[in-house]
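J.: Here's a structure for you.
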Amino acid sequence: MVIRTSKQLLKEVLFSGCNKEDFAMPLVIITGIPSSGKTRTAIQIQEFFERQKGKKVILISELNEAKSKSRNDIFKDSTKEKVLRGEFKSDILRSLNKEDLIIADGSNYIKGFRYELYCATKSYKTPQITVHCDVSPPDAKELNAHRDSEDSKYSDEIFDALSCAMRRPSTPIDGRVIHYKIYNPPYKEYC
Numbered sequence: 001m002v003i004r005t006s007k008q009l010l011k012e013v014l015f016s017g018c019n020k021e022d023f024a025m026p027l028v029i030i031t032g033i034p035s036s037g038k039t040r041t042a043i044q045i046q047e048f049f050e051r052q053k054g055k056k057v058i059l060i061s062e063l064n065e066a067k068s069k070s071r072n073d074i075f076k077d078s079t080k081e082k083v084l085r086g087e088f089k090s091d092i093l094r095s096l097n098k099e100d101l102i103i104a105d106g107s108n109y110i111k112g113f114r115y116e117l118y119c120a121t122k123s124y125k126t127p128q129i130t131v132h133c134d135v136s137p138p139d140a141k142e143l144n145a146h147r148d149s150e151d152s153k154y155s156d157e158i159f160d161a162l163s164c165a166m167r168r169p170s171t172p173i174d175g176r177v178i179h180y181k182i183y184n185p186p187y188k189e190y191c
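Under UniProt numbering, the first residue of the sequence shown carries the number 1, and numbering increases by one thereafter.
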């Protein structure tokens, strides 16, 4: 497993949409444990493609669906989490097309959920790649502790539960997998 730099990551995302027959922009699924830099990575990819490549990017964030609920309120109640995941998936499926880059920024820790998205991309004949934010649980926990607001922090119980439930992406159902480490300590510059 190779850990990519941000420049390598952006280059791989760019060229993942290329094939010999037809050019199609991919669905980029961001995965990782809580506080591993998923949203930062999604924004970095979005900004690169919009500013440098002039592409239309649709960033779909799971937490935008949450309306004003805290992360802990959602993830401690499986019914709320299931509803949130359903709304997130619906937004992704509605947005899929061959022209735009779609970024799915969410917990994406359930392998079956990622497989459903994989099947959808196959029906649209568009590529899918998975960017796994590869951060150790202790480092992610440290980043979580430095978040600005209490609503954006995961409780230890929720953090541990989501970290344990995370199924690392693997091919073939996750499409092409890129392992990416967004930061190195010290943490202050990332919080």
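Where a beta carbon is used, it is the ideal one built from N, C-alpha and C, also for glycine.
Would you mind stating whether Ile-74 and Leu-84 have Cβ atoms separated by less than 8 Å?
T.: Position 74 of the sequence shown holds residue 74. Position 84 of the sequence shown holds residue 84. Going by C-beta atoms, Ile-74 is nearer than 8 Å to Leu-84.
J.: In whole angstroms, what is the alpha-carbon distance linking His-132 and Cys-164?
T.: To locate residue 132, count along the sequence shown from 1; it is residue 132. To locate residue 164, count along the sequence shown from 1; it is residue 164. Roughly 15 Å between the two C-alpha positions.
J.: Along the beta strand (DSSP E) that carries Asp-139, what are the first and last residues, could you check?
T.: Walking along the sequence shown from the start, residue 139 turns up at place 139. No beta strand (DSSP E) contains Asp-139, which is instead part of the alpha helix (DSSP H) from 137-145.
J.: Find out if the Cβ-Cβ distance for the pair Ile-103, Leu-162 is shorter than 8 Å.
T.: Residue mapping note: residue 103 aligns to position 103 of the sequence shown, counting from 1. Residue mapping note: residue 162 aligns to position 162 of the sequence shown, counting from 1. Going by C-beta atoms, Ile-103 is not nearer than 8 Å to Leu-162.
J.: Measure the C-alpha to C-alpha separation of Lys-153 and Lys-76 and round it to an integer number of angstroms.
T.: In the sequence shown, counting from the first residue as 1, residue 153 sits at position 153. In the sequence shown, counting from the first residue as 1, residue 76 sits at position 76. Computed Cα separation, rounded: 13 Å.
J.: Identify every residue that forms a DSSP beta bridge with residue 196.
T.: Outside the shown range of the chain (1 to 191) lies residue 196, about which nothing can therefore be said.
J.: Beta-carbon separation of Ser-62 and Asp-100 under 8 Å?
T.: As a first step, residue 62 must be located in the sequence shown, where it is residue number 62. As a first step, residue 100 must be located in the sequence shown, where it is residue number 100. The sequence shown places Glu at residue 62, not Ser. It is not a contact, given that the beta carbons lie outside the stated cut-off.
J.: When the Cα of Ser-78 is compared with those of Ser-123, Pro-137, Thr-126, Ile-158, which residue comes out closest?
T.: For the purposes of this step, residue 78 is taken as the residue at position 78 of the sequence shown. Ranking the options by Cα distance to Ser-78, first place goes to Ile-158.
J.: Does DSSP put Leu-84 in a helix, a strand or coil?
T.: To locate residue 84, count along the sequence shown from 1; it is residue 84. In the structure shown, Leu-84 sits in a helix (DSSP, three-state: H, G or I).
J.: Does DSSP put Ile-92 in a helix, a strand or coil?
T.: Position 92 of the sequence shown, counting from 1, holds the residue named residue 92. The answer is helix: DSSP assigns Ile-92 an H, G or I state.
J.: So Pro-169 and Arg-114 are supposed to be a Cβ contact under 8 Å. How far apart are they, rounded?
T.: Counting from one through the sequence shown, the residue named residue 169 turns up at place 169. Counting from one through the sequence shown, the residue named residue 114 turns up at place 114. Yes, they are in contact, since the Cβ atoms of Pro-169 and Arg-114 sit about 7 Å apart, within 8 Å.
J.: Indicate whether Val-177 and Thr-126 have their beta-carbon atoms separated by less than 8 Å.
T.: Along the sequence shown, read from residue 1 onward, the residue named residue 177 stands at position 177. Along the sequence shown, read from residue 1 onward, the residue named residue 126 stands at position 126. Their beta carbons are not under 8 Å apart, which means Val-177 does not touch Thr-126 by this criterion.
J.: Using a 10 Å radius around the Cβ and a threshold of 16 neighbouring Cβ atoms, would you call Gln-128 buried or exposed?
T.: As a working note, residue 128 is residue 128 in the sequence shown. Buried is the call here.
J.: Buried or exposed: where does His-134 fall if 16 or more other Cβ atoms within 10 Å of its Cβ makes it buried?
T.: On the sequence shown, position 134 is the one that residue 134 refers to. According to the sequence as given, residue 134 is Asp; it is not His. With 16 or more other Cβ atoms within 10 Å, it is buried.
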